[in-house]
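Only one structure is covered here, and it is reproduced in the block below.
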């Protein structure tokens, strides 16, 4: 249709270009922010469960001489049988409040491990495979016959998370090898039902199982066996809770011992998580104590300096949260733009 | 007056230590760590001997909590209490009242409810914090500053570094909560220093 020279083009159309472009840009940005980004496996926080080598829900049964390096406890069933042949470097917490706190922390750790992704599928037995850090998932069971090698590629902080929809079963004499900086403290096995470790096998990592964990005759674990609802059965095993080597050692000038009061007398009460300030397995030069001599680093009043920040909240009172925030601010902006457009059009036509 | 307080503190600390049969050296500013300049103010009380904290009170924000012992997690990060209450103290650091930075941590929220340190971000400089210790002494601190740090650049030196007095760092989470990473963006840290101590 031919426009009369005296008729202006529809003013709404002229104004539409700016706001619409801005809206499109905003939506694109919003979508980018909402899109999930690929993540590597991250450390699973064990909280109060960290100090435990064995944790159960339905009791602990032991046969034969078993050595545990770490705490043990079980709740709500508090029975532990065969404890006379248990050699424990750690505390038997039974069903006390420390165990209860650890059980709560175990549920959280289980959920954190189960929720990690994106995942690589486990299609077959893990035996004979070499895996890089990441999250590995089987919708059903996970089996290990032979040797599994976990290769951290030189990164001592690299994490491996295994998720099993149902059971974890390792065969007799199977083993988990750690190479190139992989540490058992960074290996987690989230098991949807029960875990069974074969006779004479050598396992590494922390097992977070929903139901039972059975460590059969002669099997060793460098890590933890933590069962939520089921029982833990032991038979002539050695289970050593693994602690990562902490701070990366800076070039340390000779740190003169500071005037610290006498080295820590342990609190006498048992109502504590009983995690020592030093690593459970001191490995000589590989273990740092946080005492470095540089001007920009702590000097020793804090015996072992924690790494990173402090996770002190679960966000349950934080209202809108991370994702909703962007939608909310986007919505407010949209409303503002729409209002501005209408106002301008009105003025034009007035 | 300050000297009297210090003398009383020193006497009671020694008496307590003798009573328990375990001598605990009294750390004083004169034995400050290598490379740290001792405080020149004379109103600062002598730091106390090591003694487990049993209670922390912050009247300005209604905190009155027992204390649990905290260590390190397997990855070297600071352990935190398993629930919203109580607060906890890091066993790898000086106890509140000793020379150096004592570390006390509490959740800002947990399981849908405010945690023990929910109001920490509203604490103001000058506020009082008292810590009751196992040996019966009470250490009183005064807040000097309250800051919020992005977790990605947590100020390790400022929080855990050596200092020339008996200090206290109260730590909780703050800022926005990132649901993707299940963690708060920031840490809120209230720095405080010992201003007085009461004997048992």
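Protein chains in written order, with the working numbering: chain A, 86 to 435; chain B, 222 to 421.
Positions of the beta carbon are idealized from the N, C-alpha and C atoms, including for glycine.
- When Cβ-Cβ separations below 7 Å define contact, residue 386 of chain B makes no contact with chain A.
- Within the same chain, 269, 272, 273, 274, 275, 316, 317, 318 and 360 come within 8 Å of residue 354 of chain B by CB-CB distance, once the 5 residues on both sides are set aside.
- For residue 418 of chain B, none of the residues of chain A pass the 8 Å Cβ criterion, the least Cβ distance being about 15 Å.
- When B/369, B/400 and B/389 are compared, the shortest CA-CA separation from residue 394 of chain A is found for B/369.
- Selection B/326, B/281 and B/413 evaluated against residue 290 of chain B yields B/326 as nearest (Cα-Cα).
- In the three-state reduction of the DSSP assignment, residue 292 of chain A falls in the strand class.
- Secondary structure at residue 339 of chain B: coil, using DSSP grouped into helix, strand and coil.
- Following the DSSP letters along the chain, one finds residue 222 of chain A inside the beta strand (DSSP E) bounded by residues 219-223.
- In this structure, the alpha-carbon of residue 190 of chain A lies about 23 Å from that of residue 219 of chain A.
- For residue 310 of chain B, not one C-beta of chain A is nearer than 7 Å to its own C-beta.
- At least one CB of chain B lies nearer than 7 Å to the CB of residue 389 of chain A.
- Around the beta carbon of residue 285 of chain B, fewer than 16 other beta carbons sit within 10 angstroms, so the residue counts as exposed.
- Taking 8 Å as the upper bound on Cβ-Cβ separation, chain B lies near residues 270 and 271 of the segment 266-280 of chain A.
- One Cα belongs to residue 308 of chain A, the other to residue 396 of chain A, and the distance between them is close to 23 Å.
- The C-beta distance from residue 315 of chain A to residue 143 of chain A rounds to 5 Å, short enough to fall under 8 Å.
- Distance from the Cα of residue 407 of chain B is smallest, within the candidate group B/375, B/332, B/365 and B/339, for B/375.
- Using a CB distance below 8 Å, the part of the segment 188-211 of chain A facing chain B consists of 189, 190 and 197, ordered along the chain.
- Taking a 10 Å sphere around the C-beta of residue 292 of chain B, we find 16 or more other C-beta atoms and assign the residue as buried.
- By the 16-neighbour rule on beta-carbons within 10 angstroms, residue 372 of chain B is buried.
- Residues are counted here when their Cβ sits less than 7 Å from a Cβ of chain B; for the segment 126-147 of chain A these are 128, 130, 131, 132, 133 and 135, given in chain order.
- Contact annotation for residue 348 of chain B against chain A: no contact, minimum CB-CB distance about 19 Å [criterion: below 8 Å].
- Of the other Cβ atoms in all chains shown, 16 or more fall within 10 Å of the Cβ of residue 188 of chain A; this residue is therefore buried.
- At a cut-off of 7 Å between beta-carbon atoms, residue 401 of chain A makes contact with chain B.
- Using beta-carbon distances, residue 392 of chain A counts as an interface residue toward chain B, with a partner under 7 Å.
- Within the segment 234-256 of chain A, contact with chain B at the beta-carbon level (separation under 7 Å) is assigned to no residue.
- In this structure residue 224 of chain A is exposed. Its beta-carbon is surrounded by fewer than 16 other beta-carbon atoms within 10 angstroms.
- Residue nearest to residue 387 of chain B within the set B/296, B/362, B/350 and B/396 is B/362 (criterion: CA-CA distance).
- Secondary-structure assignment with DSSP links residue 370 of chain B through a beta bridge to B/408.
- Within chain A, the residues 397 have their CB atoms less than 9 Å from the CB of residue 327 of chain B, given in chain order.
- At a cut-off of 7 Å between C-beta atoms, residue 389 of chain B does not count as an interface residue with respect to chain A.
- Straight across, the Cα-Cα distance linking residue 367 of chain B with residue 341 of chain B is about 8 Å.
- For residue 413 of chain B, no Cβ of chain A is located within less than 7 Å of the residue's own Cβ.
- Listed along chain A are 401 and 402, each with a C-beta nearer than 8 Å to that of residue 333 of chain B.
- Excluding sequence positions up to five before and after residue 231 of chain A, its CB lies within less than 7 Å of the CB of 212, 213 and 259, all in the same chain and listed in chain order.
- Under the Cβ distance rule, residue 186 of chain A counts among the residues neighbouring chain B, one pair being separated by less than 7 Å.
- With respect to the C-alpha of residue 343 of chain B, the residue from B/394, B/404 and B/416 having the closest C-alpha is B/394.
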